[in-house]
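Structure first, commentary second.
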Amino acid sequence: MLTEGYVRAVLEDHSMLIATDEAGRVVKRPSKPTIGRMLANLQRGNAHLILERVEEGMEGSWYVQVLLRNDNTYQLEFRDGVAASTVRRGRSPRKKC
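Basically my numbering = 1-based index in the sequence shown + 165.
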C-alpha cells in the first residue's frame, strides 16, 4: 500500500531518482525542494510529473506518477517492480498535496 511515510522515504532517498514533467524537464537526483517546485508548477500543458528510480542490475524499477486533473485534484499512480504491480490512487485536492 502506498502510504505517506513510504512516499516521504522515497523523497528522502533521492540518489537514484529522475524527475520528468510533461513539458520535458528532466532532473537527475532532484532535491526535495526541486520536486516540490515541479509539483507546484503543474498546470495545463504540463499536467504530470514522474519520479522514477532505476537501479542497475535489478529487474524492473519503480515510479510515482502525479497527474493534475482538470478538476484541480491529483491522481497518483505507483508501480513497484513489474507492470503487474501498478497501484492507482484516487483524487486528492491540490491544496492538501
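Even glycine gets a Cβ: it sits at the ideal position worked out from N, Cα and C. On a predicted model such as this, the values are computed, not experimentally measured, just so you know.
Would you kindly work out how many angstroms separate the C-alpha atoms of residue i and residue j, rounded to a whole number?
i	j	result
Thr-238	Glu-220	31 Å
Asn-211	Asp-236	15 Å
Glu-217	Thr-199	14 Å
Glu-187	Leu-214	7 Å
Ser-226	Gly-189	21 Å
Gln-230	Lys-193	16 Å
Where do the ends of the beta strand (DSSP E) carrying residue i lie?
i	result
Leu-207	Premise fails: Leu-207 is in no beta strand (DSSP E) and is neither H nor E.
Glu-220	Where Glu-220 is concerned, there is no enclosing beta strand (DSSP E), given that its DSSP letter is neither H nor E.
Ser-226	226-233
Ala-212	From DSSP, Ala-212 is part of no beta strand (DSSP E); its letter is neither H nor E.
Cys-188	For the sequence presented, residue 188 should be read as Ala rather than Cys. Unbroken run through Ala-188: none, as it is neither H nor E.
By the 10 Å Cβ neighbour count, where 16 or more other Cβ atoms means buried, how is residue i classified, buried or exposed?
i	result
Val-191	exposed
Met-181	exposed
State the CB to CB distance for the pair residue i and residue j, rounded to an integer number of angstroms; the pair is presumed to be in contact (CB under 8 Å).
i	j	result
Pro-195	Ala-184	4 Å
Gln-208	Leu-241	Not a contact, Cβ separation roughly 18 Å.
Tyr-228	Arg-202	That belief does not hold up - the Cβ atoms of Tyr-228 and Arg-202 are roughly 19 Å apart, past 8 Å.
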